[in-house]
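Visitor:
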Amino acid sequence: GQGVHTCSFENPQRFGGSDIMHRISFDGADGSGELQRAVAAAINREIMQFCRDLEFSRHEIYEITIAANTTMRDILFKVDVQSVGQRPYKSLIENQAAAGERNGTALIERARTLGLLANPRARVYGLPLVASHVGGDLAAGLAALDITPDGDETVMLVDMGTNTEVFIRHRGRMMVASCPAGPAFEGGLVKYGMPAYDGAIEKLKFGAGGADIHYETIGDGAPEGLCGSGLIDLLAELRRHDMMTAKGVFTADKRQFEHTLLPRHGITFSKEDASNLGQAKAANYCGQLIVMRTLGIDPGDIDTLYLAGGFAHHVDIASAADIGLLAPVPKERVVRAGNTSLRGARDILLSRAKRRALEQLVGGIEHVELETSADFFELFVDGCQFKPMPSRLN
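Convert by adding 328 to the 1-based position in the sequence shown; the result is the number in this note's numbering.
Shown next as structure tokens:
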């Protein structure tokens, strides 16, 4: 198969809340299926647009694959998601599979039933869930990278986003954790944070003594704010030039609330911004550290670290490691894997054999609940600090 069209759009369910838990609550309180209709309508707009652009009929669409987090997938398939928002945070589909009421966690439905514009008999395949909040998007990443249970290398996949997922395969064991990082690195909770749109600072370096700031913006226009990769660079540079402590306090004046980055453009960075980013970073930190520790390995034991997600192509690996956002794996072992979820969804669309293999693969993955670790709170507090992750964990 060959890709003929690619598109992207903001999550149309954001009116229901900025994170998964708020959307689950909204969906339960609303009860009218508004979130489902919103995402179906957004998909339909894109279907009709590329049908016009490529001059073919929607009735020629016979198969659709969906690679999404647990909540988004189940909402689209009209599955009640309230159990995902309550301990033990499992999908109704996952519970049914565990009880032997269904074979696996993949979903298949007619496009017409979901309100999607395609051939009336078109099938929609929802990729299998791994566990809890770790959904079909991570499963798609495993398919895209051709990860199998029995490889010789110790492999880590970090799919970074509002809900980061960490996967490690080591000596025949596969383990995964979900890290609810929140939207701070994706434009939320930071005054001048923004998504990766034109005008967003995506790369940033300080000159000698931190006096000058050299930056690049998306689209090469005037800076309007900082996207995720720019915020990571900023935090690392503030630490490298001793302008901010590991706890996010400005060193020039500990009472200083806000630091002016670009006076001409009015862009500032505050202690509150640092605090919100620290908490988002801590979720990523805990996920990677706890999974490695549970498997009895150190960062140096990772043969390949695949970095996936929205800003995987743009984040500076050294900056991410310096602030503890990424495990200190040697730079030459880090692979920018890009949008593995999209690639995996495409692969699965074209092969039923790959679907069967993926469904079998996810059944052998162990799930770690981070908050059940005895020292989780201490690790989280430590992870809020902008400093490298320890190189020795075991």
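For each residue, glycine too, the CB sits at the ideal point set by N, CA and C.
Please classify residue 705 as buried or exposed, where buried requires at least 16 other C-beta atoms within 10 Å of its C-beta.
Guide: The residue labelled residue 705 in the question sits at position 377 within the sequence shown. Residue 705 should be labelled exposed.
Visitor: Can you tell me whether residue 678 sits near the ligand NAP, meaning its C-beta is under 8 angstroms from at least one heavy atom of the ligand?
Guide: The ligand NAP is absent from the structure shown, which contains no ligand whatsoever.
Visitor: Expressed to the nearest angstrom, what Euclidean distance is found between the alpha-carbon atoms of residue 594 and residue 588?
Guide: Translated into the one-based positions of the sequence shown, residue 594 becomes position 266. Translated into the one-based positions of the sequence shown, residue 588 becomes position 260. The alpha-carbon atoms of residue 594 and residue 588 are separated by roughly 7 angstroms.
Visitor: Can you give me the C-alpha to C-alpha distance between residue 347 and residue 379, rounded to a whole angstrom?
Guide: Here residue 347 refers to the residue found at position 19 when the sequence shown is read from its first residue. Here residue 379 refers to the residue found at position 51 when the sequence shown is read from its first residue. Each residue's alpha carbon lies about 32 angstroms from the other.
Visitor: Considering only DSSP beta bridges, list what residue 634 is partnered with.
Guide: Working through the sequence shown from its first residue, we reach residue 634 at position 306. Paired residue(s): 485, 663.
Visitor: Since residue 635 and residue 488 should fall inside the 8 angstroms C-beta cutoff, what is the C-beta to C-beta distance between them, to a whole number of angstroms?
Guide: The residue labelled residue 635 in the question sits at position 307 within the sequence shown. The residue labelled residue 488 in the question sits at position 160 within the sequence shown. The Cβ separation is near 7 angstroms, so the contact holds.
Visitor: Pick helix, strand or coil for residue 704, following the three-state DSSP scheme.
Guide: For the purposes of this step, residue 704 is taken as the residue at position 376 of the sequence shown. Three-state result, residue 704: helix.
Visitor: Please identify the residue among 392, 601, 340 whose C-alpha is closest to the C-alpha of residue 674.
Guide: In the sequence shown, the residue the question calls residue 674 occupies position 346. The residue with the shortest Cα to Cα distance from residue 674 is 392.
Visitor: Is the number of C-beta pairs between the region 438-454 and the region 473-482 that are closer than 8 angstroms three or more?
Guide: Verdict: no, contact absent.
Visitor: Near residue 597, which residues of its chain fall below 6 angstroms by C-beta distance, leaving aside the five closest residues on each side in sequence?
Guide: The residue given as residue 597 occupies position 269 in the sequence shown. For residue 597, where only same-chain residues beyond five positions count, the Cβ hits under 6 angstroms are 587, 589.
Visitor: Assuming residue 696 and residue 505 form a contact by the criterion Cβ under 8 angstroms, report the distance between their Cβ atoms to the nearest whole angstrom.
Guide: As a first step, residue 696 must be located in the sequence shown, where it is residue number 368. As a first step, residue 505 must be located in the sequence shown, where it is residue number 177. That pair is a contact at about 4 angstroms.
Visitor: Which first and last residues belong to the alpha helix (DSSP H) in which residue 613 is found?
Guide: For the purposes of this step, residue 613 is taken as residue 285 along the sequence shown, with counting starting at 1. Its alpha helix (DSSP H) spans residues 599-623.
Visitor: What residue from 676, 360, 691, 423 has the CA that sits closest to residue 474's CA?
Guide: As a working note, residue 474 is residue 146 in the sequence shown. Of 676, 360, 691, 423, the residue nearest in Cα terms is 676.
Visitor: Does the region 541-556 come close enough to the region 617-629 that 3 or more CB-CB pairs lie under 8 angstroms?
Guide: Result no; under three Cβ-Cβ pairs closer than 8 angstroms.
Visitor: Near residue 646, which residues of its chain fall below 8 angstroms by C-beta distance, leaving aside the five closest residues on each side in sequence?
Guide: Your numbering for residue 646 matches position 318 in the sequence shown. 564, 659, listed in sequence order.
Visitor: Would DSSP call residue 339 helix, strand or coil?
Guide: What you label residue 339 is simply residue 11 of the sequence shown in a count that begins at 1. Note: residue 339 maps to coil in three-state DSSP.
Visitor: What separation, rounded to the nearest whole angstrom, lies between the Cα atoms of residue 452 and residue 331?
Guide: Numbered from 1 along the sequence shown, position 124 holds the residue referred to as residue 452. Numbered from 1 along the sequence shown, position 3 holds the residue referred to as residue 331. When rounded, the distance between both Cα atoms is 18 angstroms.
Visitor: From the DSSP output, which residues share a beta bridge with residue 507?
Guide: Position 179 of the sequence shown, counted from the first residue, corresponds to residue 507. The partner list for residue 507 (beta bridge, DSSP) reads 492.
Visitor: Report the option in 499, 559, 498 whose CA atom is closest to the CA atom of residue 523.
Guide: By 1-based counting over the sequence shown, the position of residue 523 is 195. Nearest option by C-alpha distance: 559.
Visitor: Is residue 712 buried or exposed, if buried means 16 or more other CB atoms sit within 10 Å of its CB?
Guide: In the sequence shown, the residue the question calls residue 712 occupies position 384. So residue 712 counts as buried.
Visitor: May I ask you to report which of helix, strand or coil DSSP gives residue 405?
Guide: Stepping through the sequence shown from its first residue, residue 405 is reached at position 77. It is coil, neither helix nor strand.
Visitor: Would residue 511 be called buried (16 or more neighbouring beta carbons within 10 Å of its own) or exposed?
Guide: Taking the sequence shown and counting its residues from 1, the one referred to as residue 511 is at position 183. That one is buried.
Visitor: Give me the residue from 414, 569, 545, 531 with the minimum Cα distance to residue 539.
Guide: Position 211 of the sequence shown, counting from 1, holds the residue named residue 539. Comparing Cα positions, the closest option is 569.
Visitor: Which residues share a DSSP beta bridge with residue 668?
Guide: Along the sequence shown, one-based indexing puts residue 668 at 340. DSSP, once it has assigned bridges, lists no residue as partnering residue 668.
Visitor: Please say whether residue 532 and residue 562 have beta carbons closer to each other than 9 angstroms?
Guide: The count along the sequence shown starts at 1 and reaches residue 562 at position 234. The count along the sequence shown starts at 1 and reaches residue 532 at position 204. Result yes, Cβ atoms of residue 562 and residue 532 sit closer than 9 angstroms.
Visitor: Just tell me which of 519, 542, 555, 426 has its CA closest to the CA of residue 526.
Guide: Numbered from 1 along the sequence shown, position 198 holds the residue referred to as residue 526. Comparing Cα-Cα distances from residue 526 to each of 519, 542, 555, 426, the minimum goes to 555.
Visitor: Can we say the region 490-505 touches the region 419-432, given the rule of at least three CB pairs closer than 8 angstroms?
Guide: Not touching, per the Cβ criterion.
Visitor: Can you tell me whether DSSP reads residue 389 as helix, strand or coil?
Guide: On the sequence shown, position 61 is the one that residue 389 refers to. Looking at residue 389 - three-state DSSP - the assignment turns out to be coil, as it is neither helix nor strand.
Visitor: Mind checking whether residue 457 and residue 669 have CB atoms under 9 angstroms apart?
Guide: Sequence index remark: in the sequence shown, residue 457 carries index 129 (1-based). Sequence index remark: in the sequence shown, residue 669 carries index 341 (1-based). No, Cβ-Cβ distance for residue 457 and residue 669 is not below 9 angstroms.
Visitor: Where DSSP assigns a beta bridge to residue 421, which residues make up the other side?
Guide: On the sequence shown, residue 421 is found 93 positions in, with the first residue counted as 1. BP columns for residue 421 are empty, so no partner.
Visitor: From residue 383 to residue 377, what distance separates their C-alpha atoms?
Guide: As a working mapping, residue 383 is identified with position 55 in the sequence shown. As a working mapping, residue 377 is identified with position 49 in the sequence shown. C-alpha separation (whole angstroms): 10 angstroms.
Visitor: When the Cα of residue 450 is compared with those of 439, 460, 459, which residue comes out closest?
Guide: Position 122 of the sequence shown, counted from the start, is the residue given in the question as residue 450. Checked all of 439, 460, 459; the closest Cα to residue 450 is 439.
Visitor: Determine which residues share a DSSP beta bridge with residue 412 and list them.
Guide: What you label residue 412 is simply residue 84 of the sequence shown in a count that begins at 1. Partner(s): none; residue 412 has no beta bridge.
Visitor: Which residue's Cα is closest to the Cα of residue 365: 342, 385, 349?
Guide: Position 37 of the sequence shown, counted from the first residue, corresponds to residue 365. Residue 342 is the option with its Cα nearest to residue 365.
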